[in-house]
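Please read the structure below before turning to the comments.
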Amino acid sequence: MPDTRHEPIRVGIGTPLDRVDGPDKVTGQAHYAAEYAVPNMLYGVIVSGRIARGRITGIDETAARAVPGVVEVLTHRNRPSTPWLDRNYKDELNIPGDPFRALESEHILFSGQPVALVLAETFEAARFAASLVDVSYEAAAHNIDFEASLAERFLPSKKRNSYHPPKNHGDADAAFAAAELKHEARYHLATEHHNPMEMHATTVDWHGDGTLTVYDKNQGSQGVQSYLCNIFGFSKKELRVVNAFVGGAFGSGLRPQYQVYLAVMAAKHTQRSVRVVMTRQQMFTHAHRPEADYTIRLGAEATGKLTSIDGDATTSTSRFENNMEDIVIWGMINYASPNMKGEYCVAPRDTYTSADMRAPGAATGMTLFEIAMDELAYKAKVDPLDFRLLNYSDIDAMYRTPFTSKALREAYRDGAAAFGWDSRSPEPRSMKEGRELIGWGMATGLWTAEFVKTSAKAKLTADGRLEITSATSDIGTGTGTVLVLVAADTLGLPPDRISVRIGDSDLPHSPVQGGSRAAASGGAAVQLACEAVGKRLLKAAEKVDGQPLHAARSIEDVIFADGRMILKSDPSKAVSCADAMQAAGLEVIEEEQTAQPGLADRISQMTRSRNVHSAVFAEVRVDEELGQIRVTRIVNAVAAGRIINPKTARSQILGGVVMGMGMALHEETLGDNRLGRWMNHNLAEYHIPVNADVHDIQVIFVDEPDPDVTPLGVKGVGEIGIVSTAAAIANAIFHATGQRHRSLPITIDKLIGT
Amino acid sequence: MSGAALSLENDPGPVVASTPIGTVPVAITINGEQHRLSLEPWVTLLDLLRERLHLTGSKKGCDHGQCGACTVLIDGRRMNSCLKLAVTLDGSEITTIEGLGQPGNLHPLQAAFIEHDAFQCGYCTPGQICSAEGLIREGHARTRDEVREQMSGNLCRCGAYTNIADAILEILETEERA
Numbered sequence: 001m002p003d004t005r006h007e008p009i010r011v012g013i014g015t016p017l018d019r020v021d022g023p024d025k026v027t028g029q030a031h032y033a034a035e036y037a038v039p040n041m042l043y044g045v046i047v048s049g050r051i052a053r054g055r056i057t058g059i060d061e062t063a064a065r066a067v068p069g070v071v072e073v074l075t076h077r078n079r080p081s082t083p084w085l086d087r088n089y090k091d092e093l094n095i096p097g098d099p100f101r102a103l104e105s106e107h108i109l110f111s112g113q114p115v116a117l118v119l120a121e122t123f124e125a126a127r128f129a130a131s132l133v134d135v136s137y138e139a140a141a142h143n144i145d146f147e148a149s150l151a152e153r154f155l156p157s158k159k160r161n162s163y164h165p166p167k168n169h170g171d172a173d174a175a176f177a178a179a180e181l182k183h184e185a186r187y188h189l190a191t192e193h194h195n196p197m198e199m200h201a202t203t204v205d206w207h208g209d210g211t212l213t214v215y216d217k218n219q220g221s222q223g224v225q226s227y228l229c230n231i232f233g234f235s236k237k238e239l240r241v242v243n244a245f246v247g248g249a250f251g252s253g254l255r256p257q258y259q260v261y262l263a264v265m266a267a268k269h270t271q272r273s274v275r276v277v278m279t280r281q282q283m284f285t286h287a288h289r290p291e292a293d294y295t296i297r298l299g300a301e302a303t304g305k306l307t308s309i310d311g312d313a314t315t316s317t318s319r320f321e322n323n324m325e326d327i328v329i330w331g332m333i334n335y336a337s338p339n340m341k342g343e344y345c346v347a348p349r350d351t352y353t354s355a356d357m358r359a360p361g362a363a364t365g366m367t368l369f370e371i372a373m374d375e376l377a378y379k380a381k382v383d384p385l386d387f388r389l390l391n392y393s394d395i396d397a398m399y400r401t402p403f404t405s406k407a408l409r410e411a412y413r414d415g416a417a418a419f420g421w422d423s424r425s426p427e428p429r430s431m432k433e434g435r436e437l438i439g440w441g442m443a444t445g446l447w448t449a450e451f452v453k454t455s456a457k458a459k460l461t462a463d464g465r466l467e468i469t470s471a472t473s474d475i476g477t478g479t480g481t482v483l484v485l486v487a488a489d490t491l492g493l494p495p496d497r498i499s500v501r502i503g504d505s506d507l508p509h510s511p512v513q514g515g516s517r518a519a520a521s522g523g524a525a526v527q528l529a530c531e532a533v534g535k536r537l538l539k540a541a542e543k544v545d546g547q548p549l550h551a552a553r554s555i556e557d558v559i560f561a562d563g564r565m566i567l568k569s570d571p572s573k574a575v576s577c578a579d580a581m582q583a584a585g586l587e588v589i590e591e592e593q594t595a596q597p598g599l600a601d602r603i604s605q606m607t608r609s610r611n612v613h614s615a616v617f618a619e620v621r622v623d624e625e626l627g628q629i630r631v632t633r634i635v636n637a638v639a640a641g642r643i644i645n646p647k648t649a650r651s652q653i654l655g656g657v658v659m660g661m662g663m664a665l666h667e668e669t670l671g672d673n674r675l676g677r678w679m680n681h682n683l684a685e686y687h688i689p690v691n692a693d694v695h696d697i698q699v700i701f702v703d704e705p706d707p708d709v710t711p712l713g714v715k716g717v718g719e720i721g722i723v724s725t726a727a728a729i730a731n732a733i734f735h736a737t738g739q740r741h742r743s744l745p746i747t748i749d750k751l752i753g754t
Numbered sequence: 001m002s003g004a005a006l007s008l009e010n011d012p013g014p015v016v017a018s019t020p021i022g023t024v025p026v027a028i029t030i031n032g033e034q035h036r037l038s039l040e041p042w043v044t045l046l047d048l049l050r051e052r053l054h055l056t057g058s059k060k061g062c063d064h065g066q067c068g069a070c071t072v073l074i075d076g077r078r079m080n081s082c083l084k085l086a087v088t089l090d091g092s093e094i095t096t097i098e099g100l101g102q103p104g105n106l107h108p109l110q111a112a113f114i115e116h117d118a119f120q121c122g123y124c125t126p127g128q129i130c131s132a133e134g135l136i137r138e139g140h141a142r143t144r145d146e147v148r149e150q151m152s153g154n155l156c157r158c159g160a161y162t163n164i165a166d167a168i169l170e171i172l173e174t175e176e177r178a
């Protein structure tokens, strides 16, 4: 009989676990897309175009081709033929419009557009030769200035799949006209670039037998695989995409980027392996968070109770695709008001298409809305936190549906207590220490909690080791670690007996990773797969002498712990998983399962809202003479349902907060419209927070049991950390200085200039 | 709008290329192993490590000395390896992340980075750790503020800064006690 006296060790959902890929990452053994050693490989260096709009009139490749080691110069004139129809180029996001095709023709659509790919035996030769490709252009009139582009704004007739049109209620205009308290202002967010630390890169391993492995930086290997197969005519058996390690992405890897297209094209053309790595400058020639203009009108009773919400927003897109974001809905969902309306448009400019960047839509729309709410709170002479509570809505105020859960009150309460909000002096400019004004501000964060069809496989071997596989990605999110915890929880195995493989198109189906969906979806799939393994183990236990578990009718009747199945009704009866497999003559138990919303889930998704909430509190210290703003404290209290790994979830929030600090104070891609080009296209001039900028961040997860939101009760934490962090900081700056800034980032010039 | 009138006439014009570029012999010790190499002068230390020696732990994040992802220790001092031409390093001793520790034999900083979850995507991490090792050897940083300031040449887009500071401070304090 197994020893049942000691307590089983249970590591599972809720246990803080070190990242399973930690040892590889800290020792340099983790291989990212450009780091696979492939023999006989060519280096491809992309030549970026120099005008924003127009056409190429000539390309002189003579000097480039004369560089020793140069093998080929691909341009629109000699590239291999590719399919004609747009539908072959559609990716998983399916943005309405004509997807960009590198080297397609002489037409130039944006500055930095790739105009040639130089292929050489060494990186240095390719880089030098690329500088010698002499391209001449005929420029056409262009515009990259957002303000000017607003004149052309429109609501696209074909909407992006993920777009949610605002639902209007009552008569917002009449209510605003009649309101005792009014606030109306225009808000702005600058263009931002994702700038993951790893540049977009692809290594194509051309095996020479008609198959190829594409090591690529992206957020979804199978989406990139489909894209490449559709364009280049490979079958999925022939073309495999691997993204085992991804050096950050934040949305820039949701769509296949042009380097993977060029690398595969070059490999097919030369019949050789090829590596193409973008330069940091080229990282500014594709995905970026759209610039945003948002006019907000709020009407309220004298007490501060909202009577109307009215938002009118525009975000930037390109001239060839209509990228859309949800901007105006967030305030309408979050706050009770009998009257509300929203309008939204896109404005085209001569840049690459804007893209999803961490918490797309909400990071812009909710953040700017929360600055407006702060302004109205001051007008109503109500404490900003009390003002939110006064307008609190227990239901989704726009869709008028209940939430599966909303522990925002608790987040406000716990965040305020940790921050010490009670001791805030209400008047602006009333707190000072030394030469610095001190300000305290707060804001509310909101994001969605989604669950999408995902598959996983669990494979238990007789030595008691479990392998979990799924094509899902880990872009720094800790996905693999989370899947190990779910497996450990389900089968009662210690994490060091569990290995995980993700980031490979050969593995069970997973959609692109984004929108804080991976933990809920991949976790649910792993749970199902492990439960299926558990059922077979219990069946195998019937073969064990004496059938100690014969009273168990299903896996509900046993606890999996410490590598054993223990009868719930009589814990003295247990069978080790290894004994069960041996008794049944099983070497391996392997099960693949798919988690997907069923009919009941789909009905529930229509009748109940699923959201994650947060309360962000910020302290700033401002030296007015120097224009220096320091964010000395942030408390972010998050209601995100069940937290699988508190350790990595906390890090997700920390990271979102830091990016929110960038949004508040630093991040701004600046264009010169004479050239039609982003000018600060490097990490010295596009400022992101550095270590010295980040003082003290406290993350709180409030208790929010929610068995209905997703199968594991998980809401996801990838996005919520950034949402409204910048608003809390902007509101703190107002409290410190009395200066209201409505255009982010709040840079030194703005602070000194007002 | 504007732009059409503005052409870019700063083009230097076609450059006449180029006979094969010559190579220079260099002897560099990397992670304790001496390499006798024959290198073109235009090869940076970072590209030598990554593309020719397959030591890809040192990362390329900008190639312009702006991000710190390529930080290695050259004769014990932290440097951006993308800013060093390899041929200038004849006789130097270089330590990369691969030389600091390996899975199963972690350097204390590597273990502290795991313990404090001081990374997410992991791409800046080798540079952060090499930079932290250099910072500790410099001996100037004692306080958290000093660590934060002196680690500000290493960008982390995932925003793990507070955890990075925690990890480094733990090792600093351990070393001070020793």
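From first to last, the protein sequence lines stand for chains R and P. Be aware that the first sequence starts at 1, since it is given in UniProt numbering, and climbs by one per residue. Be aware that the second sequence starts at 1, since it is given in UniProt numbering, and climbs by one per residue. We put the CB at the ideal spot given by N, CA and C, even for glycine. For clarity, every value in this text was computed on a predicted model and none was experimentally measured.
- Shown in chain order are the members of the stretch 78 to 107 of chain P whose Cβ falls below 8 Å from a Cβ of chain R: T96, I97, E98, L100, G101, Q102, P103, G104 and L106.
- Residues of chain P whose Cβ lies closer than 9 Å to the Cβ of R/V657 are, in chain order, G159.
- Boundaries cannot be given for R/E35, as no alpha helix (DSSP H) includes it and DSSP labels it neither H nor E.
- Per DSSP, R/Y215 is one residue of the beta strand (DSSP E) stretching across L212 to D216.
- A distance below 8 Å between beta-carbons, with the five flanking residues on each side excluded, links R/L390 to the following residues of its chain, in chain order: T303, G304, K305 and V382.
- Exposure of R/F154 is indicated by the presence of fewer than 16 other C-beta atoms within 10 angstroms of its C-beta.
- In the three-state DSSP reduction, R/V264 falls in the helix class (H, G or I).
- Cβ-Cβ distances below 7 Å link P/L46 to S58, K60, C70, S81 and C82 in the same chain, with the five nearest sequence neighbours on each side left out; the list follows chain order.
- Taking a Cβ-Cβ threshold of 8 Å, the residues of chain R close to P/H64 are R280, N682, L683 and A684, in chain order.
- Taken in chain order, the whole alpha helix (DSSP H) runs of length 4 or more contained in the stretch 44 to 113 of chain P are 97 to 100.
- If only uninterrupted alpha helix (DSSP H) runs of at least 4 residues are considered, those enclosed by the stretch 98 to 162 of chain R are 123 to 132 and 146 to 149.
- R/I688 carries a coil assignment under DSSP once its states are collapsed to helix, strand and coil.
- At least one CB atom of chain P sits nearer than 8 Å to the CB of R/A692.
- Between the C-alpha atoms of R/E343 and R/T454 there is a straight-line separation of about 34 Å.
- With respect to chain R, the C-beta atom of P/I114 has a partner C-beta closer than 8 Å.
- Contact with chain P is found for R/R19, since one of that chain's Cβ atoms lies less than 8 Å from the residue's Cβ.
- For R/T27, the closest Cβ of chain P is nearer than 8 Å.
- Within the same chain, G627 come within 6 Å of R/I752 by CB-CB distance, once the 5 residues on both sides are set aside.
- The DSSP-derived three-state label of R/F232 is helix.
- Interface flag for R/L483 against chain P is unset, since no Cβ pair is found closer than 8 Å.
- The beta carbon of P/A167 sits closer than 8 Å to the beta carbons of L109, A112, F113, E115, H116, A118 and A132 from its chain, once the five residues preceding and following it are set aside; these are given in chain order.
- The distance from the Cβ of R/P508 to that of R/T477 is about 18 Å, inconsistent with a contact at the 8 Å cut-off.
- Assignment of beta-bridge partners to R/G44 by DSSP yields R/L119 and R/V276.
- Residue environment: P/D63 is assigned as buried (16 or more neighbouring CB atoms within 10 Å of its CB, all protein chains considered).
- DSSP places R/N339 in the uninterrupted beta strand (DSSP E) bounded by N339 to P348.
- P/E176 counts as exposed, since fewer than 16 other C-beta atoms from the protein chains shown sit within 10 angstroms of its C-beta.
- Apart from sequence neighbours up to five positions away, the residues of its chain that approach R/L460 with a beta-carbon distance below 6 Å are L466, V533 and I589, ordered along the chain.
- Note on R/P711: 16 or more other CB atoms within 10 angstroms of its CB, so buried under the neighbour-count rule.
- Going by DSSP, R/Y412 is part of the alpha helix (DSSP H) stretching over L408 to F419.
- Judged by DSSP secondary structure, R/I371 falls outside any beta strand (DSSP E) and instead within the alpha helix (DSSP H) spanning A362 to A380.
- Judged by DSSP in its simplified three-state form, R/M606 adopts helix.
- Between the beta-carbon of R/A736 and that of R/I438 there is about 6 Å, and that keeps the pair under the 8 Å contact cut.
- By the C-beta criterion, the stretch 386 to 403 of chain R is judged to be in contact with the stretch 601 to 619 of chain R, since at least 3 inter-stretch pairs fall below 8 Å.
- From the beta-carbon of P/R148, the residues of chain R found nearer than 9 Å are V690, N691, A692, D693, V694 and H695.
- Secondary structure note for R/K25: its alpha helix (DSSP H) is the uninterrupted segment G22 to V26.
- Within chain P, the C-beta atoms nearer than 8 Å to that of R/S651 come from D117, Q120, C158, A160 and N163, in chain order.
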